[in-house]
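**Student:** Numbering-wise (the working numbering), the sequence shown opens with residue 1 and increments by one.
Idealized CB from N, CA, C, for every residue including glycine.
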Amino acid sequence: MTINEMKEKKKEKGYSYAKIAELSGVPLGTVQKIFSGETESPRYDTLTALEQVFNEQLEVREPGGLYKARKNGEYTIDDYRALPDEQRVELIDGYFYDMASP
């Protein structure tokens, strides 16, 4: 992402320089110098940190009930029976083994 693209995102999101500095971990003075053009070639690490502020975050969805329930090795026959019929797994000693064809 270029600095101009970051400037556009800054306007879209309504971020202040202080907010960008807080979210990126880049000092406020550095953020101001980069966006004003005073710093012509900022460090790669600095640009990467700033870029992370403006990258769109994908919506995080809750994982399916089975996957958030327990760690491998702790599954029971009730967990096995709760699986959809089309999902082929074997339950052995608390572990699920995927039986899908290769």
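Using only the alpha-carbon positions, how far apart do L47 and F54 sit?
**Tutor:** Locating residue 47 in the sequence shown gives position 47, counting from the first residue. Locating residue 54 in the sequence shown gives position 54, counting from the first residue. Computed Cα separation, rounded: 11 Å.
**Student:** Run through DSSP, which three-state label would Y95 get?
**Tutor:** Translated into positions along the sequence shown, residue 95 becomes position 95. Looking at Y95 - three-state DSSP - the assignment turns out to be strand.
**Student:** Pop quiz: S16 and Q52 are said to be a contact at Cβ under 8 Å. What is the actual Cβ separation, rounded to whole angstroms?
**Tutor:** As a first step, residue 16 is located in the sequence shown; it is residue number 16 there, counting from the start. As a first step, residue 52 is located in the sequence shown; it is residue number 52 there, counting from the start. The pair is not a contact, with the Cβ atoms about 17 Å apart (cut-off 8 Å).
**Student:** Are the CB atoms of A49 and V26 nearer to each other than 7 Å?
**Tutor:** Residue mapping note: residue 49 aligns to position 49 of the sequence shown, counting from 1. Residue mapping note: residue 26 aligns to position 26 of the sequence shown, counting from 1. The answer is yes: Cβ separation under 7 Å.
**Student:** Give the C-beta separation of M99 and E90 to the nearest angstrom, bearing in mind that I take them to be a contact with Cβ-Cβ under 8 Å.
**Tutor:** Position 99 of the sequence shown, counted from the first residue, corresponds to residue 99. Position 90 of the sequence shown, counted from the first residue, corresponds to residue 90. Right, their Cβ atoms sit about 6 Å apart.
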